[in-house]
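J.: For the sequence shown, the positions run 67 to 258 when our numbering is used.
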Amino acid sequence: MVACSGGERPTSPARENANESTAGEVARAPLPAPPSADDAAQIVSRSAEFSDYLFTRAAFTLPVKENAMTPEVRTVSKALAKNGWIGIDGDGNVILTAKARADKRFLLRPNGFIDIVPMAKKELLGVTAVHVNPEGQPLVDFRWTWVPNEIGALTDRYSGEQLALATLLRDGSQWTVLRIAPKAQAATEAKW
Numbered sequence: 067m068v069a070c071s072g073g074e075r076p077t078s079p080a081r082e083n084a085n086e087s088t089a090g091e092v093a094r095a096p097l098p099a100p101p102s103a104d105d106a107a108q109i110v111s112r113s114a115e116f117s118d119y120l121f122t123r124a125a126f127t128l129p130v131k132e133n134a135m136t137p138e139v140r141t142v143s144k145a146l147a148k149n150g151w152i153g154i155d156g157d158g159n160v161i162l163t164a165k166a167r168a169d170k171r172f173l174l175r176p177n178g179f180i181d182i183v184p185m186a187k188k189e190l191l192g193v194t195a196v197h198v199n200p201e202g203q204p205l206v207d208f209r210w211t212w213v214p215n216e217i218g219a220l221t222d223r224y225s226g227e228q229l230a231l232a233t234l235l236r237d238g239s240q241w242t243v244l245r246i247a248p249k250a251q252a253a254t255e256a257k258w
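#1: Quick check: the Cα distance between R223 and S113, rounded to an integer number of angstroms?
#2: Would you grab the beta carbon distance between R209 and L191 for me? Rounded to a whole angstrom, and I think it's under 8 angstroms.
#3: Using the C-alpha atoms, what's the distance from T242 back to L235?
#4: Could you spell out where the beta strand (DSSP E) holding P228 opens and where it closes?
#5: Taking all protein chains shown into account, do 16 or more other C-beta atoms lie within 10 angstroms of the C-beta of Q240, making it buried, or fewer, making it exposed?
#6: Could you tell me the distance, in whole angstroms, from the CA atom of E255 to the CA atom of E189?
#7: Counting Cβ pairs closer than 8 angstroms, one from the segment 168 to 176 and one from the segment 193 to 213, do we hit at least three?
#8: Run the CB neighbour count on F126, radius 10 Å, all protein chains shown included, and call it buried at 16 or more, exposed below.
#9: Just grab the DSSP bridge partners of A124 for me.
#10: What three-state label does DSSP hand N149 in the structure shown?
#11: Who are the near neighbours of G238 in its chain, counting only those whose CB is closer than 8 angstroms to its CB and skipping five residues on each side?
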């Protein structure tokens, strides 16, 4: 009857609190403490995001025509030739040696390029800091480096320590890596 009468309905204290929380901002449960530096190192190093981070730099693309090479690529091609991976014929064409043809890292593409992958892998060296952003998400400053294989060691593109920042996200009962971004590089920055 009260609803039909047009009069005011009595409001219970529980209903008043529900109205207040929907009218205002919904309160979030606080996030648990960020992981320790050791735990953060494990989380980052085992993550798919760290594996994917700058993964294209673990590869090298070599044109099959010497006249299409940049100075950096020409330097690498000379090192590859010196170490028996490729040859260059009299017309300036790159020729894969039997050694390279037998190695699955050398992929001759029909578009006139040779992809060499992988040339290096990433290794986490350590966590330098764990702090929290204004939203309460842990941020992990860490150092890492490339570990070149015997082919990657023919170039200096994998030298130097790198700095990066991982943002963690709470996924149920554990921290996971949301994203990784580069940090300002130290004087040891690798040249790309």
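Beta carbons are placed, not taken as given, at the ideal position from N, Cα and C, and that holds for glycine. From a predicted model like this one, the values you see are computed outputs, not experimental measurements.
T.: If we stick to the structure as given:
#1: As a working note, residue 223 is residue 157 in the sequence shown. As a working note, residue 113 is residue 47 in the sequence shown. Just so you know, the alpha carbons of R223 and S113 end up roughly 24 angstroms apart.
#2: For the purposes of this step, residue 209 is taken as residue 143 along the sequence shown, with counting starting at 1. For the purposes of this step, residue 191 is taken as residue 125 along the sequence shown, with counting starting at 1. Contact annotation, R209 with L191: C-beta distance approximately 4 angstroms; criterion of less than 8 angstroms satisfied.
#3: The sequence position of residue 235 within the sequence shown is 169, counting from 1. The sequence position of residue 242 within the sequence shown is 176, counting from 1. Going by C-alpha positions, L235 is about 5 angstroms away from T242.
#4: Taking the sequence shown and counting its residues from 1, the one referred to as residue 228 is at position 162. Contrary to the premise, residue 228 reads as Gln rather than Pro in this sequence. Q228 -> beta strand (DSSP E) spans E227 to D237.
#5: Position 174 of the sequence shown, counting from 1, holds the residue named residue 240. Label assigned to Q240: exposed.
#6: Mapped onto the sequence shown, residue 255 falls at position 189. Mapped onto the sequence shown, residue 189 falls at position 123. Since pLDDT at E255 reaches only 37, below the 50 mark, its modelled position is unreliable, and the value read off the structure follows with that caveat. Those two C-alpha atoms are separated by around 15 angstroms.
#7: No, the segment 168 to 176 is not in contact with the segment 193 to 213.
#8: If you number the sequence shown from 1, residue 126 lands on position 60. So F126 ends up on the buried side.
#9: Residue mapping note: residue 124 aligns to position 58 of the sequence shown, counting from 1. For A124, no pairing in a beta bridge is given by DSSP.
#10: Taking the first residue of the sequence shown as 1, we reach residue 149 at position 83. DSSP places N149 in coil when its eight states are reduced to three.
#11: Walking along the sequence shown from the start, residue 238 turns up at place 172. None.
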